[in-house]
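J.: The structure under discussion is supplied below as structure tokens; questions concerning it will follow.
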Amino acid sequence: MPVPRAIAEPVAALINEFSKLPTIGPKTAARLVFYLLNRPRHEAQALAEAILAVKDKVHLCTTCYSLTEHDPCDLCSDERRDASMICVVAEAKDIYAIERTGAYKGRYHVLGGLISPMDGIGPAQLRVKELVERVGADAPAEIILATNPNAEGEATALYVGRLLQPLGMAVTRLAYGLPIGGDIDYADEVTLARALEGRRVL
Amino acid sequence: MRLPHIELTNFRNYRELELEPAAGLNVFLGANAQGKSNLLEAIAMLGTGKSFRTSRESEVIREGASRAVVTGEAHSRMGIVRLGCMVESGPRSAHKRYLVNGKDVRYARFLGRAAVVTFVPADLQMIGGAPSLRRAFLNAALSQEQPPYYHELVRYQRALTQKNAMLRSETADRELLEVYEQTLIEAGTALWLARDEAVQALALHAEQAHRRWSAGTEHLELRYHPNVPAQAPTHDAVVEAFTTHLRAHRDAERVRRTALVGPHRDDLRFLLGGTSLAAYGSQGQQRTAVLALKVAEYHVMRKRTGEAPILLLDDVLSELDAARAAAFLEGIGDVDQGFVTATELDSRFPAARKFEIDAGRLRVQA
Numbered sequence: 341m342p343v344p345r346a347i348a349e350p351v352a353a354l355i356n357e358f359s360k361l362p363t364i365g366p367k368t369a370a371r372l373v374f375y376l377l378n379r380p381r382h383e384a385q386a387l388a389e390a391i392l393a394v395k396d397k398v399h400l401c402t403t404c405y406s407l408t409e410h411d412p413c414d415l416c417s418d419e420r421r422d423a424s425m426i427c428v429v430a431e432a433k434d435i436y437a438i439e440r441t442g443a444y445k446g447r448y449h450v451l452g453g454l455i456s457p458m459d460g461i462g463p464a465q466l467r468v469k470e471l472v473e474r475v476g477a478d479a480p481a482e483i484i485l486a487t488n489p490n491a492e493g494e495a496t497a498l499y500v501g502r503l504l505q506p507l508g509m510a511v512t513r514l515a516y517g518l519p520i521g522g523d524i525d526y527a528d529e530v531t532l533a534r535a536l537e538g539r540r541v542l
Numbered sequence: 019m020r021l022p023h024i025e026l027t028n029f030r031n032y033r034e035l036e037l038e039p040a041a042g043l044n045v046f047l048g049a050n051a052q053g054k055s056n057l058l059e060a061i062a063m064l065g066t067g068k069s070f071r072t073s074r075e076s077e078v079i080r081e082g083a084s085r086a087v088v089t090g091e092a093h094s095r096m097g098i099v100r101l102g103c104m105v106e107s108g109p110r111s112a113h114k115r116y117l118v119n120g121k122d123v124r125y126a127r128f129l130g131r132a133a134v135v136t137f138v139p140a141d142l143q144m145i146g147g148a149p150s151l152r153r154a155f156l157n158a159a160l161s162q163e164q165p166p167y168y169h170e171l172v173r174y175q176r177a178l179t180q181k182n183a184m185l186r187s188e189t190a191d192r193e194l195l196e197v198y199e200q201t202l203i204e205a206g207t208a209l210w211l212a213r214d215e216a217v218q219a220l221a222l223h224a225e226q227a228h229r230r231w232s233a234g235t236e237h238l239e240l241r242y243h244p245n246v247p248a249q250a251p252t253h254d255a256v257v258e259a260f261t262t263h264l265r266a267h268r269d270a271e272r273v274r275r276t277a278l279v280g281p282h283r284d285d286l287r288f289l290l291g292g293t294s295l296a297a298y299g300s301q302g303q304q305r306t307a308v309l310a311l312k313v314a315e316y317h318v319m320r321k322r323t324g325e326a327p328i329l330l331l332d333d334v335l336s337e338l339d340a341a342r343a344a345a346f347l348e349g350i351g352d353v354d355q356g357f358v359t360a361t362e363l364d365s366r367f368p369a370a371r372k373f374e375i376d377a378g379r380l381r382v383q384a
């Protein structure tokens with residue numbers, strides 16, 4: 341005789357699927373499922389279709405390797421953007437962070453991660469070769485390396501910088517410094533020291 | 019530096035414990051296995067954020083509990099700060115959290131808020147043991163004193179791990195290897211210079227203490243023995259030596275598949291009357307030299323931070339003969355606050371407050 345189930349099979353299956361997602365544990369997964377059970381069918385359908393659409397319609401841009409529906413992506417095909425600058429980022433999500441500032445009007449290049457030999461990620465696993473080829477073909481005036489200020493981000497920036505410098509354009513790195521609205525006496529010694537190194541004339 | 023109030027929750031054999039230590043020397047008395055060292059371990063964690071007894075820190079969580087907590091109020095000339103260190107059990111390894119005035123902070127922001135000098139019986143093996151013990155001593159002392167040192171140490175170790183991963187995998191991308199070596203040279207030079215300076219300061223104090231004890235008959239020397247020998251203790255000279263050394267050992271590193279050059283292979287050497295204590299010193303001579311080193315650590319830290327660190331002695335005095343124990347305490351001088359464990363009350367301790375410990379229970383002795 342089958343063991344009686346406390347939860348209907350489809351409900352258990354969906355809880356299981358949700359709990360595979362990052363930052364979602366079994367309890368949150370169950371809450372999401374019970375929430376969806378109480379919503380009208382069309383909302384559930386919209387969610388299911390949106391998930392499938394992401395998988396079916398979104399591809400990598402063959403120029404910058406960002407996520408896009410059409411190739412080349414909107415950012416790469418926008419003629420108003422400055423093609424003489426390329427901002428190199430680790431992940432596509434970093435583009436959204438920089439775009440939110442509204443302070444940058446150039447193009448992008450997504451590496452697809454950061455170099456870390458201990459995790460088996462070398463330059464060959466990332467889009468480094470593609471960047472060098474693109475830079476060689478387009479000859480931009482400046483490359484901005486916008487990787488995270490941690491050990492892997494630093495190493496990746498140094499490495500990419502070494503490959504690009506012989507090509508002759510300006511290679512720059514994001515500045516380090518104090519957070520806006522912060523207090524100097526709350527900053528840690530290392531950040532403060534880097535901010536001093538990177539000071540500029542008023 | 020003082021900790022007038024300490025609380026433990028689910029730490030080793032303590033479910034809940036509140037402790038109000040006095041200024042001066044606090045003595046924890048009790049038979050073996052009652053929890054004396056556990057208390058000292060907890061107090062040390064408020065300073066260093068690490069256990070001095072185990073690298074598997076989930077061991078400090080009391081059986082059946084999910085997290086161990088130590089909190090304390092540190093009074094220093096900088097004011098009063100509330101410190102907390104938590105060890106939470108996780109699926110694979112323990113997760114640690116550090117609190118300053120109730121806020122979660124990174125380890126680097128926690129370390130050194132309460133300066134401590136710990137002395138445990140294992141330290142007595144330092145001279146005869148592996149070089150890694152002596153490097154660990156230098157790293158622990160310097161990280162507490164100088165936040166930038168800890169930052170450079172982490173940077174160095176990270177780049178070293180990456181370089182070793184590359185050497186092992188044989189995917190020798192020369193350009194990438196040089197990126198890691200550039201970081202190793204930068205961070206390694208900072209470590210080199212800080213260690214050199216620290217060993218000189220330690221050598222001075224250790225020699226003084228030792229001279230008093232031996233009535234001037236034996237001369238103790240401490241020498242920094244860097245893996246990369248530089249012409250002079252200057253930034254440029256060390257960078258140059260490091261670069262040359264790396265180039266000279268490039269083939270050897272590829273063959274051995276591991277990084278052979280840099281401060282991760284430094285050593286600290288002890289000489290008595292010009293001969294190596296590690297090779298020729300007796301057990302007793304080695305012990306006396308470690309005592310001198312610990313006295314020096316205490317005084318150097320006091321000088322650098324501008325106030326006396328908290329002294330933690332775990333069963334050390336009972337390991338020593340009466341003359342050495344007395345010499346050590348005399349070398350330290352008056353402590354601002356200290357903690358000592360002992361199985362029986364010893365007239366040598368100028369105890370300010372005595373606590374009797376019996377199976378995780380604490381009683382202040384009149």
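Going line by line, the protein sequences match chains F and R.
Sequential numbering of the first sequence, starting at 341, is according to the working numbering.
Sequential numbering of the second sequence, starting at 19, is according to the working numbering.
Using N, Cα and C, we set each Cβ at its ideal position, and we do this for glycine too.
Among R:Ala183, R:Arg186, R:Glu236, R:Pro166, which residue has its Cα nearest to the Cα of arginine 213 (chain R)?
T.: Counting from 1 along the second sequence, the entry for residue 213 (chain R) is found at position 195. The residue with the shortest Cα to Cα distance from arginine 213 (chain R) is R:Pro166.
J.: Tell me where the alpha helix (DSSP H) around threonine 261 (chain R) begins and ends.
T.: What you label residue 261 (chain R) is simply residue 243 of the second sequence in a count that begins at 1. From DSSP, the alpha helix (DSSP H) with threonine 261 (chain R) extends over 253-266.
J.: Please work out which residues of its chain come closer than 7 Å, Cβ to Cβ, to phenylalanine 358 (chain F), disregarding the five sequence neighbours upstream and downstream, and give them in chain order.
T.: For this step, residue 358 (chain F) is matched to residue 18 along the first sequence. Excluding residues within five positions, the ones whose Cβ falls inside 7 Å are Ile364, Ala369, Leu372, Val373.
J.: Quick one: is alanine 495 (chain F) near chain R, going by C-beta distance under 9 Å?
T.: Numbered from its first residue, the first sequence carries residue 495 (chain F) at position 155. It does: the Cβ of alanine 495 (chain F) has a partner Cβ on chain R nearer than 9 Å.
J.: Just to confirm the assignment: which complete alpha helix (DSSP H) runs, minimum length 4, are found wholly within the region 30-57 of chain R?
T.: If we require 4 residues or more, the region 30-57 of chain R turns out to have no alpha helix (DSSP H) run fully inside it.
J.: Considering only their Cβ atoms, is the gap separating arginine 275 (chain R) from leucine 185 (chain R) smaller than 9 Å?
T.: Within the second sequence, the letter at position 167 stands for residue 185 (chain R). Within the second sequence, the letter at position 257 stands for residue 275 (chain R). A contact, by the Cβ cut-off of 9 Å.
J.: For valine 530 (chain F) and chain R, any beta-carbon pair shorter than 9 Å?
T.: In the first sequence, residue 530 (chain F) corresponds to position 190, counting from 1. Yes - at least one Cβ of chain R is within 9 Å of the one on valine 530 (chain F).
J.: Considering only the beta carbon of each residue, do isoleucine 484 (chain F) and valine 541 (chain F) sit closer than 9 Å?
T.: Locating residue 484 (chain F) in the first sequence gives position 144, counting from the first residue. Locating residue 541 (chain F) in the first sequence gives position 201, counting from the first residue. Not closer than 9 Å, so no.
J.: Indicate the three-state DSSP secondary structure (helix, strand or coil) for lysine 395 (chain F) in the structure shown.
T.: Position 55 of the first sequence, counted from the first residue, corresponds to residue 395 (chain F). Correct three-state label for lysine 395 (chain F): helix.
J.: In the region 489-514 of chain F, which residues sit with their C-beta less than 8 Å from some C-beta in chain R, listed in chain order?
T.: The region 489-514 of chain F vs chain R, Cβ under 8 Å: Ala491, Glu494, Ala495, Leu498, Tyr499, Arg502, Leu503.
J.: On the criterion of 16 or more Cβ atoms from any shown chain inside 10 Å, does alanine 51 (chain R) qualify as buried, or is it exposed?
T.: For the purposes of this step, residue 51 (chain R) is taken as the residue at position 33 of the second sequence. By the neighbour-count rule (16 or more Cβ atoms within 10 Å), alanine 51 (chain R) is not buried but exposed.
J.: Against glutamine 180 (chain R), what residues of chain F qualify as contacts under a CB-to-CB distance less than 9 Å, listed in chain order?
T.: In the second sequence, residue 180 (chain R) corresponds to position 162, counting from 1. The answer, in chain order, is Ile455, Ser456, Pro457, Met458, Ala491, Glu492, Ala495.
J.: Using three-state DSSP, classify serine 456 (chain F) as helix, strand or coil.
T.: For the purposes of this step, residue 456 (chain F) is taken as the residue at position 116 of the first sequence. In the structure shown, serine 456 (chain F) sits in a strand (DSSP, three-state: E or B).
J.: Go ahead and pull the three-state DSSP assignment for aspartate 411 (chain F).
T.: On the first sequence, position 71 is the one that residue 411 (chain F) refers to. In this structure, aspartate 411 (chain F) counts as coil in the three-state DSSP scheme.
J.: For the ligand MN, is there a heavy atom less than 8 Å away from the beta-carbon of glycine 53 (chain R)?
T.: Judged by which ligands are present, the structure shown has none, so any question about the ligand MN falls away.
J.: Straight-line CA distance for tyrosine 516 (chain F) to leucine 156 (chain R)?
T.: The residue labelled residue 516 (chain F) in the question sits at position 176 within the first sequence. The residue labelled residue 156 (chain R) in the question sits at position 138 within the second sequence. Whole-angstrom Cα-Cα distance: 30 Å.
J.: Determine the chain F residues that contact asparagine 268 (chain R) at a beta-carbon separation under 9 Å, and present them in chain order.
T.: Within the second sequence, numbered from 1, the residue matching residue 268 (chain R) stands at position 250. According to the sequence displayed, residue 268 (chain R) carries arginine and not asparagine. Those do not exist, as arginine 268 (chain R) stays about 17 Å from chain F at its closest Cβ, beyond 9 Å.
J.: Going by DSSP, what residue range makes up the beta strand (DSSP E) through isoleucine 484 (chain F)?
T.: Numbered from 1 along the first sequence, position 144 holds the residue referred to as residue 484 (chain F). 482-485 is the span of the beta strand (DSSP E), which, as asked, contains isoleucine 484 (chain F).
J.: Going straight from the alpha carbon of leucine 335 (chain R) to that of valine 308 (chain R), what length do you get?
T.: In the second sequence, residue 335 (chain R) corresponds to position 317, counting from 1. In the second sequence, residue 308 (chain R) corresponds to position 290, counting from 1. Cα to Cα, leucine 335 (chain R) sits roughly 13 Å from valine 308 (chain R).
J.: Excluding sequence positions up to five away, which residues of its chain have a Cβ less than 6 Å from the Cβ of aspartate 422 (chain F)?
T.: Your numbering for residue 422 (chain F) matches position 82 in the first sequence. Hits under 6 Å: Lys445, Gly446.
J.: Would you list, in sequence order, the uninterrupted alpha helix (DSSP H) runs of no fewer than 4 residues that lie entirely inside the region 150-216 of chain R?
T.: Here the runs fully enclosed are 165-187.
J.: Say whether chain F places a C-beta atom closer than 9 Å to the C-beta of aspartate 191 (chain R).
T.: Residue 191 (chain R) sits at position 173 when you count from the first residue of the second sequence. Taking Cβ atoms only, chain F reaches closer than 9 Å to aspartate 191 (chain R), which makes this a yes.
J.: Here's the rule: buried if 16 or more other CB atoms are within 10 angstroms of the residue's CB, otherwise exposed. What is isoleucine 253 (chain R)?
T.: Along the second sequence, one-based indexing puts residue 253 (chain R) at 235. Strictly speaking, residue 253 (chain R) in this sequence is histidine, with isoleucine absent from that position. Classification for histidine 253 (chain R): exposed.
J.: For glutamate 374 (chain R), report the span of its beta strand (DSSP E) as first-last.
T.: Along the second sequence, one-based indexing puts residue 374 (chain R) at 356. Element bounds for glutamate 374 (chain R): 369-376.
J.: Less than 9 Å between CB atoms is the rule here; does serine 107 (chain R) satisfy it with respect to chain F?
T.: In the second sequence, counting from the first residue as 1, residue 107 (chain R) sits at position 89. No, serine 107 (chain R) does not count as interfacial toward chain F.
J.: Can you pull the chain R residues whose beta carbon is under 9 Å from the beta carbon of glycine 476 (chain F), in chain order?
T.: Position 136 of the first sequence holds residue 476 (chain F). Going along chain R, no residue has its Cβ under 9 Å from glycine 476 (chain F), so there is no contact; the nearest lies around 17 Å.
J.: Can you tell me whether proline 380 (chain F) is helix, strand or coil according to DSSP?
T.: What you label residue 380 (chain F) is simply residue 40 of the first sequence in a count that begins at 1. Coil at proline 380 (chain F), not helix or strand.
J.: Just checking my contact of isoleucine 438 (chain F) with alanine 393 (chain F) at CB under 8 Å: how many whole Å lie between their CB atoms?
T.: As a first step, residue 438 (chain F) is located in the first sequence; it is residue number 98 there, counting from the start. As a first step, residue 393 (chain F) is located in the first sequence; it is residue number 53 there, counting from the start. With a Cβ gap of about 25 Å, isoleucine 438 (chain F) and alanine 393 (chain F) do not count as contacting.
J.: May I ask you to report which of helix, strand or coil DSSP gives proline 244 (chain R)?
T.: Position 226 of the second sequence holds residue 244 (chain R). The answer is coil: DSSP assigns proline 244 (chain R) none of H, G, I, E or B.
J.: Hey, is threonine 66 (chain R)'s beta-carbon within less than 9 Å of any beta-carbon in chain F?
T.: Here residue 66 (chain R) is taken as the residue at index 48 of the second sequence, counted from 1. No, no contact with chain F.
J.: Kindly list, in the order they appear in chain R, the residues whose Cβ is closer than 8 Å to that of proline 463 (chain F).
T.: Here residue 463 (chain F) corresponds to residue number 123 of the first sequence, with the count starting at 1. Result: Asp191, Leu194.
J.: What are the uninterrupted segments assigned as beta strand (DSSP E) that are 3 or more residues long and contained completely in the region 478-529 of chain F, given in chain order?
T.: 482-485, 510-513, all fully within the region 478-529 of chain F.
J.: Report the residues of the region 416-443 of chain F with a CB closer than 9 Å to any CB of chain R, ordered along the chain.
T.: Answer in chain order: no residues at all.
J.: Counting only beta-carbon separations shorter than 9 Å, does alanine 533 (chain F) have a partner in chain R?
T.: Locating residue 533 (chain F) in the first sequence gives position 193, where the first residue counts as 1. Interface residue, yes.
J.: Can we say the region 179-199 of chain R touches the region 229-245 of chain R, given the rule of at least three CB pairs closer than 8 Å?
T.: The region 179-199 of chain R vs the region 229-245 of chain R: no contact.
J.: In or out: aspartate 414 (chain F) buried (at least 16 other Cβ within 10 Å) or exposed?
T.: The residue given as residue 414 (chain F) occupies position 74 in the first sequence. Under this definition aspartate 414 (chain F) is an exposed residue.
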